[in-house]
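**Q** Mapping to the UniProt record's numbering: the sequence shown position 8 is 8, numbers consecutive.
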Amino acid sequence: MEEETQTWADRFSDRVDEIVEPVSTFMQDVVFFSFNLGGADIMPIVLWLAVAGAVFTVYFGFAQVRHVRTSLRLVRGKYDQPSAPGEVTHFQALTSALSGTVGLGNIAGVAIAISIGGPGAVFWMILCGLLGMATKFAECTLGVKYREVHEDGTVSGGPMHYLRKGLAEIGRPKLGMVLAALAPIMILVFAFFGGNVFQSNQSASILGAELGGFFDSNAGALAYGIFFAVVVFVVLMGGIRYIGKLTSVVVPAMGIMYVAACSVIILLNITEVPGAFATIFTEAFNPTGVAGGILGALIVGFQRAAFSNEAGVGSAPIAHAAVKTKRPATEGLVALLEPFFDTVIVCTMTALTIIVVNGPMYQEARETVAEGGAVSGTGTGILLTRDAFETALPWFTGFLVAAVILFAFSTLITWSYYGQKSWHYLFGKSKASDLIYKLIFCFMIVIGAVMALDQVVGMTDAFLFLAALFNIIGLYFLMPVIKRELNKTLEYIRRRDAGQSEEEIEAAEAAEGESFGQKERVSA
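#1: Along the chain, where does the beta strand (DSSP E) that runs through Val149 open and close?
#2: Taking its Cβ as the centre, do 16 or more other Cβ atoms sit within 10 Å of Thr330, making it buried, or is it exposed?
#3: Distance check for Val346 and Glu390, CA to CA, integer angstroms please.
#4: Buried or exposed for Met444, going by 16 or more other Cβ atoms inside 10 Å?
#5: Could you check what DSSP says for Ser376 in three-state terms: helix, strand or coil?
#6: Using alpha carbons as the reference points, say which of Gly314, Val55, Leu412 and Ala322 lies closest to Val235.
#7: Please classify Ile473 as buried or exposed, where buried requires at least 16 neighbouring CB atoms within 10 angstroms.
#8: Where DSSP assigns a beta bridge to Val88, which residues make up the other side?
#9: Identify the continuous alpha helix (DSSP H) that holds Phe123 and give its terminal residues.
#10: Quick test of your reading: Pro339 and Gly129, contact by CB under 8 angstroms. State the CB separation rounded to the nearest angstrom.
#11: Throw me the rounded Cβ distance for the Phe60 and Leu486 pair, which I believe falls under 8 angstroms.
#12: Are the segment 162–178 and the segment 77–90 in contact at 8 angstroms, needing three or more beta carbon pairs?
#13: Can you tell me the Cα-Cα spacing of Glu3 and Ile226, whole angstroms?
#14: What is the DSSP secondary structure of Ser416, reduced to helix, strand or coil?
#15: Flag this pair as yes or no: are the beta carbons of Val300 and Ile126 separated by less than 7 angstroms?
#16: Do you know how far the Cα of Gly118 is from the Cα of Val522?
#17: Classify Asp497 as buried or exposed, calling it buried when 16 or more other Cβ atoms lie within 10 Å of its own Cβ.
#18: State the CB to CB distance for the pair Tyr417 and Ile187, rounded to an integer number of angstroms; the pair is presumed to be in contact (CB under 8 angstroms).
#19: Is it true that the segment 18–31 meets the segment 431–448, where meeting means three or more beta-carbon pairs spaced less than 8 angstroms apart?
#20: Arg132: which of Thr343, Phe214 and Phe190 sits nearest, CA to CA?
#21: Report the option in Gly312, Val356 and Leu337 whose CA atom is closest to the CA atom of Ile265.
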């Protein structure tokens, strides 16, 4: 019976690969086009994200450094506006968006970067994360400024709205219409596969590897997929308010537990930490055994960071748009904390855990790559991190499995919301339309648990980077709008800190003939 089930699964997987492989290969060849420079394969799409982060960092006056204190006060609720339009608090909006970015990429992606680009790739990941903070600030400010608040109090935001309305506002309506149509298509495709199938498949895989027996069979994976689908369906029915409440508990707890576990391992190997940091820094500028040398390590690090924090993709503004505020840039300042937590903190902790414990194993993986072999993306990444836990804390391995499942779950529910908003924009909002989307999304969770995903992941990653391509074009045009919103918000915060109430500030603004508040569009 088990053999028949396995045979069915193999046939199903083979058929999916036959359908997906040519599309995936084509998309990867087009999107991840590369040229060789100094022995390194340079991918323009990866540099596109890195350059954007650098441009936004300079243009907005290093906002991710200068305004971190203000960002933290906003998250703590100091400037909350309970009566403002929106559905969630600053804190809930941040955790909702983080639940989509803090995921398996933080566990597996870091190990992949180290295996291929060496420890030096971690340095470039951190740098890309710091630059990505400025990009997140820019796109999430626009997400709130051009959102739509409906009569029932729900909110719709994201690149499909700010690209269309923002570019029309500055006299480029045709460009706005094109970009606003393309961006949600890319986000929707990724929601079904990268933010969905990938998560259920990989979490099912590590559960089966750890528990064995029934869970390591197709029946176990299918049962897990059905359970996951039911839970996500219930959450999805609750909308962003339910997602915000859930992730405001799950994400901080998950992040704290994972960082705490990594901290325990690092403390047990504290004498190795200075050497680990020295290795990361040294190999960032003088890598050994890495194709392309410095450029090779840089590209690998930037690529993994871009996949990890999604800065510039346009997905996070969908969640941040639901915040209760009249000041768009307040949420932009909150959003810039995302890449810092996701890439700078969580990815660095994972990297140190692997380096101080698993030196021989990642060195072996690097030798395999250097000899022309392939490191199997996510599987190897998760196994490298798991082996570090097993080596340092054998009794702690079960925790990593729980962390992976929680990471996958939080990513799933957040990307279900992103996909739903893109679906609404493309196909309209109705009960029937909503039901069709939710059924498709949850069906893909079940299918994902028993699928082989190499080709699917490659294709959907390509769509994710295409979303960034279209989104960032619009961000460049709208930089002056974002800067004006930042200046208005900083003046508002200065007045609040001086002791003025919300009412006094609004009265003063009206008297001055200025409107620092957001003009919300109420649609039927």
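Think of the CB as a built atom: it goes at the ideal place given N, C-alpha and C, for glycine as much as any other residue.
**A** Taking the structure as given:
#1: Numbered from its first residue, the sequence shown carries residue 149 at position 149. That run of the beta strand (DSSP E) goes Glu148 to His150.
#2: As a working mapping, residue 330 is identified with position 330 in the sequence shown. Looking at its Cβ environment, which holds 16 or more other Cβ atoms inside 10 Å, Thr330 is buried.
#3: Counting from 1 along the sequence shown, the entry for residue 390 is found at position 390. Counting from 1 along the sequence shown, the entry for residue 346 is found at position 346. Distance between the alpha carbons of Glu390 and Val346 is about 19 angstroms.
#4: Locating residue 444 in the sequence shown gives position 444, where the first residue counts as 1. So Met444 ends up on the buried side.
#5: Start at 1 with the first residue of the sequence shown, and residue 376 comes out as number 376. Low confidence applies to Ser376: its pLDDT is 43, below 50, so where it sits in the model is not reliable, and the reading given next is rough at best. Of the three classes helix, strand and coil, the one that applies to Ser376 here is coil, per DSSP.
#6: Taking the sequence shown and counting its residues from 1, one reaches residue 235 at position 235. Answer by Cα proximity: Leu412.
#7: Locating residue 473 in the sequence shown gives position 473, where the first residue counts as 1. Ile473 counts as buried, since no fewer than 16 other beta carbons sit within 10 angstroms of its beta carbon.
#8: By 1-based counting over the sequence shown, the position of residue 88 is 88. In DSSP, Val88 forms a bridge with Val323.
#9: Reading the sequence shown from its first residue, position 123 is the one you call residue 123. Note, Phe123: alpha helix (DSSP H), Gly120 to Lys145.
#10: As a working note, residue 339 is residue 339 in the sequence shown. As a working note, residue 129 is residue 129 in the sequence shown. Confirmed, about 5 angstroms.
#11: Here residue 60 corresponds to residue number 60 of the sequence shown, with the count starting at 1. Here residue 486 corresponds to residue number 486 of the sequence shown, with the count starting at 1. Contact flag correct, Cβ pair sits at about 6 angstroms.
#12: Too few Cβ pairs lie closer than 8 angstroms, so no.
#13: Within the sequence shown, the letter at position 3 stands for residue 3. Within the sequence shown, the letter at position 226 stands for residue 226. Legend: pLDDT at Glu3 = 45, less than 50; position of this residue unreliable, value from coordinates given subsequently. The alpha-carbon atoms of Glu3 and Ile226 are separated by roughly 22 angstroms.
#14: What you label residue 416 is simply residue 416 of the sequence shown in a count that begins at 1. Of the three classes helix, strand and coil, the one that applies to Ser416 here is helix, per DSSP.
#15: The residue labelled residue 300 in the question sits at position 300 within the sequence shown. The residue labelled residue 126 in the question sits at position 126 within the sequence shown. No, the Cβ-Cβ distance between Val300 and Ile126 is not below 7 angstroms.
#16: As a working mapping, residue 522 is identified with position 522 in the sequence shown. As a working mapping, residue 118 is identified with position 118 in the sequence shown. Here Val522 scores only 44 on pLDDT, less than 50, and its place in the model should not be relied on; the value that follows carries that caveat. Distance between the alpha carbons of Val522 and Gly118 is about 51 angstroms.
#17: Counted from its first residue, the sequence shown places residue 497 at position 497. Exposed.
#18: As a first step, residue 417 is located in the sequence shown; it is residue number 417 there, counting from the start. As a first step, residue 187 is located in the sequence shown; it is residue number 187 there, counting from the start. Contact between Tyr417 and Ile187 does not hold, since their C-beta atoms are separated by about 11 angstroms, which reaches or exceeds 8 angstroms.
#19: no
#20: By one-based count along the sequence shown, residue 132 stands at place 132. In the sequence under discussion, the amino acid at residue 132 is Gly, which differs from the Arg named in the question. Closest by alpha carbon: Thr343.
#21: Counting from 1 along the sequence shown, the entry for residue 265 is found at position 265. Looking at the Cα atoms, Val356 is the closest of the given residues.
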